[in-house]
Amino acid sequence: MRINFRARHAFTLGCACWMGSLTLVSHDAAVAASADLAYRNGHVYTVDAKDSVQQALAILNGRIVYVGSDVGLDAYLGPRTQVVDLRGRMVMPGLVDGHMHPMMGGASLLKCNLHYERLTIEQMQARIQTCLDQSRDREPDGWLEVVNWFQEAMLPPGTVTTRAALDALKTRRPIFVRSSFGHTGLINSRAIQLAEIGKGTADPPHGHIGRDSAGVPTGLLDDAAQRLADHLIPPALPADNVRSVKAALEAARQQGITSFLDAKAADATLAAFATVAHQGGLTARAHFAVLVEPAEGADPQKVVSRLITLRQRYDQGPVAVRPAMTVRNMKLFLDGVISAPALSGAMLEPYWLPSDTAPNAVWQPSQNRGPAVYFAAPALKALLIAVSRAGFEAHMHADGDRAVREGLDAVAALRSELPGHDIRIGIAHDEIVDPADFPRFKQLNVIPVLSFQWEKRAPDTVDNLEQYLGPDRYKLVEPAGFLADAGARIAYGSDWPVDTLDEWLALKVGITRTDVPTAAAAYRERLGKDKGLSRRQALRAITLNSSYELHQDTETGSLETGKLADLIVLDRNVLEIPEDQIANTKVMQTVVGGRIVYSAD
Ligand SMILES: [Zn+2]
9 MRINFRARHA
19 FTLGCACWMG
29 SLTLVSHDAA
39 VAASADLAYR
49 NGHVYTVDAK
59 DSVQQALAIL
69 NGRIVYVGSD
79 VGLDAYLGPR
89 TQVVDLRGRM
99 VMPGLVDGHM
109 HPMMGGASLL
119 KCNLHYERLT
129 IEQMQARIQT
139 CLDQSRDREP
149 DGWLEVVNWF
159 QEAMLPPGTV
169 TTRAALDALK
179 TRRPIFVRSS
189 FGHTGLINSR
199 AIQLAEIGKG
209 TADPPHGHIG
219 RDSAGVPTGL
229 LDDAAQRLAD
239 HLIPPALPAD
249 NVRSVKAALE
259 AARQQGITSF
269 LDAKAADATL
279 AAFATVAHQG
289 GLTARAHFAV
299 LVEPAEGADP
309 QKVVSRLITL
319 RQRYDQGPVA
329 VRPAMTVRNM
339 KLFLDGVISA
349 PALSGAMLEP
359 YWLPSDTAPN
369 AVWQPSQNRG
379 PAVYFAAPAL
389 KALLIAVSRA
399 GFEAHMHADG
409 DRAVREGLDA
419 VAALRSELPG
429 HDIRIGIAHD
439 EIVDPADFPR
449 FKQLNVIPVL
459 SFQWEKRAPD
469 TVDNLEQYLG
479 PDRYKLVEPA
489 GFLADAGARI
499 AYGSDWPVDT
509 LDEWLALKVG
519 ITRTDVPTAA
529 AAYRERLGKD
539 KGLSRRQALR
549 AITLNSSYEL
559 HQDTETGSLE
569 TGKLADLIVL
579 DRNVLEIPED
589 QIANTKVMQT
599 VVGGRIVYSA
609 D
């Protein structure tokens, strides 16, 4: 007998099936209690208070009406119930990604994509030439955007990629290659010419133009310098954004993501998602953290009115069976990133730098502690309090330990101003946290939203980080286990497309703190001193705890009677297989609000 993963209502864009199933059942009182969809003969990992594993589950009107033994399921089966025999497969709550950039991720799937791979210059050139050859109609003036370039991992190690690599390609088009971390762009000579960047062009504030020893631009543009060329690329049109959103939702369904937070939403993002939602194509519960720039911090009331306007326009009300849009979060960047070459994470103690440029130079503490936190402390406190009073929740990017501390300090002020209010504050990334601050996450009920896939040795966490932090501090990077031991409620966010969207690799790394077994020898050891998370801690982080972050944990994140039926069927039991195999997990089926939105072949 084959497992039947076919949907009763095949998924089509524009179909109003969530509403359809409601009317269907209310017409027929005789079978009102029988389930629409039922699963039996499996391992149903509930993530309930006891972390129990059951055999069977039943869904009616988009909600879970039964979780328990196979025998007990019979009472919920009727003539119209679609019954899935799991044949021992695992079911668990749908994944909740608490920090991602879906529209950008979707766009990257549709662009010329280097896929974060370790490449030689020749390999990189071959990939980009293929993209050029596939879009010859854009010659000679159409910009080519290339994304997900793993700049730090070019081969052989130490390779510096410049415009020469792009100038050798057979094209006249301007080219912009974006690094996966977003801090560097590489442009060819045609683009340099169009951007009018020359020897005499000054570095813009918060930006750096790469130059050779003669002062000639190399094509490398760091941070704000990227805008010198970026503004020449025609912006994405609303129709492009809609295509990107659809590509993102498709990728999410395949990964098993049933809810997510867009951690840097702009008006255009909200508009594109609203279009897709209106067409019936929203297949995950979509939360949005509206980006608020540091300059806006001076006028909290103006921020509040902007947020309220966006909420009125785009928020679709309380979480319900049918996935909808929620506008409840505000996104703030408190600093940049702690890895080189940016070193823009705000640190309590200085970065270490080499004494000189000799290969055997001594690394020692420098004067550089990174930038001032992007929001001054009094402004940050006032902003958090103002938006919280209006019903919004802050989601803060803080990478260095000084940014984390100032974020926590601001929350402390918020807690004493509004005691007893249920305000869910997330601090994302937390790559380095002072041990004195570990317990404050629990004390202040701040959710660390961590990207587990960073918790491994890799070019960005070794070559571009280890010496810059110095040995003692480096041992403490990516403190997921330390924070968990200190009682923090850990949530998870992929940060896609900063990395490839691979939730199952991230879970494996969060548990083992190692890369895949095929990683280069230099990166095979565990990362740092942190013991990592247990399997159940990691799985809880990406389900119930991220649901808590999104303020919907009473509705999603665990498989319990009365909750929304957001769940996934897996091809293997991730509670029992060897840890390394978790990375290879495939999602067989994704269900949102009781509706099957994805089935593997
Ligand atoms: Zn992010």
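Heads up: take any position in the sequence shown, counting from 1, add 8, and you land on my numbering. The beta carbon of each residue, even a glycine, is placed where N, CA and C say it ideally should be.
Under the DSSP assignment, His216 falls in the beta strand (DSSP E) whose first and last residues are Gly215 to Arg219. Here DSSP, grouped into helix, strand and coil, assigns Lys207 to coil. Per DSSP, the beta bridge partners of Val61 are Tyr53.
In the structure shown, Asp270 falls within a strand segment according to DSSP collapsed to helix, strand and coil.
If only complete runs of 4 or more residues are kept, the segment 503–542 shows the alpha helix (DSSP H) at 511–520, in order along the chain. Pairing Ile498 with Asn453 gives a Cβ-Cβ distance that is not under 8 Å.
Inclusion of Leu229 and Ile183 in the CB contact set at 8 Å is not warranted, their separation being larger than that value. For the set Ser197, Gly208, Trp512 and Ala232, the Cα lying nearest the Cα of Ala222 is the one of Gly208.
Straight-line spacing of the CA atoms in Lys516 and Ala328 works out to 31 Å. The beta carbon of Glu568 sits closer than 8 Å to the beta carbons of Thr54, Asp56, Ile72 and Val75 from its chain, once the five residues preceding and following it are set aside; these are given in chain order. DSSP places Lys310 in the uninterrupted alpha helix (DSSP H) bounded by Pro308 to Tyr322. For Thr593, the secondary structure class from DSSP, reduced to helix, strand or coil, is coil.
For Ala203, the CB contacts under 8 Å within the same chain, skipping 5 residues up- and downstream, are Ile195, Leu236, Ala237 and Leu240 in chain order. By the neighbour-count criterion, in which a residue is buried when 16 or more other Cβ atoms sit within 10 angstroms of its Cβ, Thr179 is buried.
Per DSSP, Ile585 lies in no alpha helix (DSSP H) segment and is marked neither H nor E. For Leu152, the enclosing beta strand (DSSP E) covers residues Leu152 to Trp157.
Relative to the non-hydrogen atoms of ligand 1, the Cβ of Lys272 comes within a distance shorter than 7 Å of at least one. Pairing His405 with Phe341 gives a Cβ-Cβ distance under 8 Å. Beta-bridge partners assigned by DSSP to Glu401: Asn337. Here the alpha carbon of Gly96 sits roughly 16 Å from the alpha carbon of Leu81. Residue environment analysis places Ser555 among the buried positions, since at least 16 neighbouring C-beta atoms fall within 10 angstroms of its C-beta. Under the three-state reduction of DSSP, Gln90 is assigned to strand.
Secondary-structure assignment with DSSP links Met100 through a beta bridge to Ile576.
Of the heavy atoms belonging to ligand 1, at least one sits nearer than 7 Å to the Cβ of Asp503. Relative to ligand 1, Val104 has its C-beta separated by 7 Å or more from all heavy atoms. At least one heavy atom of ligand 1 lies closer than 7 Å to the C-beta of Val506. When DSSP states are grouped into helix, strand and coil, Val381 belongs to the coil group.
For the pair Thr266 and Arg293, the CB atoms are nearer than the 8 Å cut-off. A direct Cα-to-Cα measurement between Val300 and Ala285 gives close to 24 Å. Of all alpha-carbon atoms in Cys139, Val104, Asn49 and Pro101, the one lying nearest the alpha-carbon of Lys119 is that of Cys139.
With the rule of 3 Cβ pairs closer than 8 Å, the segment 482–492 counts as touching the segment 451–470. Ser42 sits in coil when the DSSP states are folded into three classes, being neither helix nor strand. Counting only residues of its own chain and dropping the five nearest sequence neighbours on each side, Glu587 has a CB closer than 8 Å to the CB of Lys516, Ile519, Thr520 and Arg543. Ranked by how close their Cα comes to the Cα of Pro164, the residues Gly344, Ser143 and Glu125 have Glu125 in first place.
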